[in-house]
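Following this line, the structure appears as structure tokens:
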């Protein structure tokens with residue numbers, strides 16, 4: 768039925784926060800968890816985040832760029848190879864054109880420079896959630912029409 772909006776359950780919206788500095792990952796994750804009703808998991812290793820993602824993908828990944836072994840760009844590419852429906856927010860201390868262009872090329876939705884303003888990050892997460900709900904609604908509408 769046109770005009771019907773089906774909202775995705777907030778508790779089903781999963782967010783991964785990835786930063787090799789565990790305190791930073793935990794701080795961002797706990798802040799997002801307190802300010803939203805979403806499920807937020809923190810990881811201090813990109814590989815641990817990838818392993819968890821392979822078992823159950825997240826809807827959104829908030830990641831640091833500069834991490835040992837696997838940087839944020841490489842992790843995003845690995846996750847996109849698995850599931851194109853995940854959105855990405857990148858956090859970095861690198862203010863240069865190469866970082867911005869590469870992030871855009873990979874399809875990063877938002878790029879935040881450190882130090883991160885948690886209110887701006889929370890607003891970006893809200894925008895990503897609304898976008899995910901919109902597309903889920905379109906999918907349900909098409910499925911309903913197709914019977």
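Residue numbers (our numbering): 768 to 914. No residue lacks a Cβ here, since even glycine has one placed at the ideal position from N, Cα and C.
- Message: Once DSSP output is grouped into helix, strand and coil, what is the label at residue 790?
- Response: helix
- Considering only residues of the same chain and omitting the five flanking positions on each side of residue 902, which have a CB-CB separation below 6 angstroms? none
- Task: Using 10 angstroms around the beta-carbon of residue 797, count the other beta-carbons present and answer buried if the total reaches 16, otherwise exposed.
- Result: exposed
- Query: Comparing the CB of residue 907 with every heavy atom of the ligand HEM, is any distance shorter than 7 angstroms?
  - Reply: As for the ligand HEM, it is missing from this structure, which has no ligand bound.
- Count the other CB atoms within 10 Å of the CB of residue 878; is the residue buried (16 or more) or exposed (fewer)? buried
- For the segment 861–874 against the segment 797–806, are there 3 or more C-beta pairs whose distance is under 8 angstroms? no
- Item | Cβ neighbours of residue 768 in the same chain (closer than 7 angstroms, five flanking residues each side left out) | Residue placement at residue 768 is flagged as unreliable, the pLDDT there being 33, under the threshold of 50; the coordinate-derived value follows with that caveat. Excluding residues within five positions, none has a Cβ falling inside 7 angstroms.
- Could you check where the beta strand (DSSP E) with residue 851 kicks off and where it finishes? Segment: none, residue 851 is in no beta strand (DSSP E) and carries neither H nor E.
- Query: Does DSSP put residue 837 in a helix, in a strand, or in coil?
  - Reply: coil
- Task: Please name the residue or residues paired with residue 828 in a DSSP beta bridge.
- Result: 783 and 855
- Task: Below 7 angstroms CB to CB, which residues in the same chain sit around residue 885 once its five sequence neighbours on both sides are set aside?
- Result: 798
- Beta-bridge pairing of residue 806 - partner residues as DSSP gives them: 781
- Query: Where does the unbroken alpha helix (DSSP H) through residue 909 begin, and where does it stop?
  - Reply: 885–913
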